[in-house]
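Note that the sequence shown ends on residue 257 in my numbering; no numbers are left out.
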Amino acid sequence: MAFRRRKREDPKVELTPMVDVVFLLLIFFMISTTFVETPGISIKLPESSSQMAEKSPEEVKVYLSKEGEISLENERLTRSQLDDRLRSYGPRAGSMTFLLLADEDARHGRVVQLMDAARLAGFGKLAIATESEQKEP
121 MAFRRRKRED PKVELTPMVD VVFLLLIFFM ISTTFVETPG ISIKLPESSS QMAEKSPEEV
181 KVYLSKEGEI SLENERLTRS QLDDRLRSYG PRAGSMTFLL LADEDARHGR VVQLMDAARL
241 AGFGKLAIAT ESEQKEP
């Protein structure tokens, strides 16, 4: 009696489910990772629903805490020291962005003083950092 022999197929490894899992892990880690750029002082930024401005390649970050402490990049300064440092940028300040990261509870007068210092130093652009507004579900 003659039996038919079945053709044996080579085993195949399906890569689609593995690729799906890798993409899901990638998305999970991208969403769960946060990057915080605040220096040693604690700043709680106010919330805003307006659009985010494009990041300028050259910017000067000035931090103002709720206690009134001023920091330029990672260095604490007095108001007169800040004025001197801002003036040191000279003519190139006109093309730079003055990024003010003021605490939500900082005194309004201090914020206006820093904005005025940037204008007097010749900065062409002013940006005030905020956090995106959290919407209730």
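Think of the CB as a built atom: it goes at the ideal place given N, C-alpha and C, for glycine as much as any other residue.
Report yes or no: do three or more beta-carbon pairs, one from the stretch 137–147 and one from the stretch 206–215, lie closer than 8 Å? no
CB contact flag (S185, A226, <8 Å): Contact: yes.
Which residue spans inside the stretch 200–253 form an unbroken beta strand (DSSP E) run of at least 3? 217–222 and 245–248
Counting C-beta neighbours from all protein chains within 10 Å, is the total for L240 16 or more, i.e. buried, or is it exposed? exposed
Could you give the distance in angstroms between the alpha-carbon of K132 and the alpha-carbon of F123? 26 Å
Could you please give me the residues that DSSP links to S191 through a beta bridge? Y183 and R196
Does the beta-carbon of V180 have 16 or more other beta-carbons within 10 angstroms, so that it is buried, or is it exposed? Within a 10 Å sphere around the beta-carbon of V180 sit 16 or more other beta-carbons, which makes this residue buried.
Spatial distance of L220 from Q201 (CA atoms): Between L220 and Q201, the alpha-carbon positions lie close to 16 Å from each other.
Helix, strand or coil, according to DSSP, for D130 in the structure here? Judged by DSSP in its simplified three-state form, D130 adopts coil rather than helix or strand.
Supposed close pair V182, F218 - CB separation, criterion 8 Å: 7 Å
Compute the beta-carbon to beta-carbon distance between A247 and D203, rounded to the nearest angstrom, for a pair I have assumed lies under 8 Å. Wrong, their Cβ atoms sit about 19 Å apart, outside the cutoff.
Among V231, E189, R230 and M235, the one whose alpha carbon lies nearest that of L206: M235
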